[in-house]
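Asker: In the numbering used here, the protein residues as written are -6 to 83. A single structure is presented below for examination.
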């Protein structure tokens, strides 16, 4: 069963969702701002990976990592960029 990741600071969920939408839109994905958790389906479609609403037991860990890497990796990259920019301003 897939586990639901939760942010260390629950109050950060909204900002993280907003960041996800911004980053993926910048990469050219059509992400619904009202439901950013559906972004994984858009990314999977772009990668040619068949992702279903339920029952993805046949999905390889490699493909799951490709989907998650596009999302989480892009978010981490953007957060590092923003932190560097902020440090350079000080």
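For glycine and all other residues, C-beta sits at the position ideal for the given N, C-alpha and C.
Which same chain residues end up closer than 7 Å to residue 32 when comparing Cβ atoms and leaving out the 5 residues on each side of it in sequence?
Answerer: These residues qualify, in order along the chain: 13, 17, 22, 24 and 64.
Asker: Just the C-alpha distance for residue 34 and residue 45, rounded to the nearest angstrom, thanks.
Answerer: Taking the straight line joining both Cα atoms gives about 8 Å.
Asker: Going straight from the alpha carbon of residue 10 to that of residue 55, what length do you get?
Answerer: Taking the straight line joining both Cα atoms gives about 24 Å.
Asker: What three-state label does DSSP hand residue 8 in the structure shown?
Answerer: Residue 8 falls in the helix class under three-state DSSP.
Asker: Whose CA, out of 30, 29 and 57, lies closest to the CA of residue 41?
Answerer: Residue 41 has its Cα closest to that of 57, out of 30, 29 and 57.
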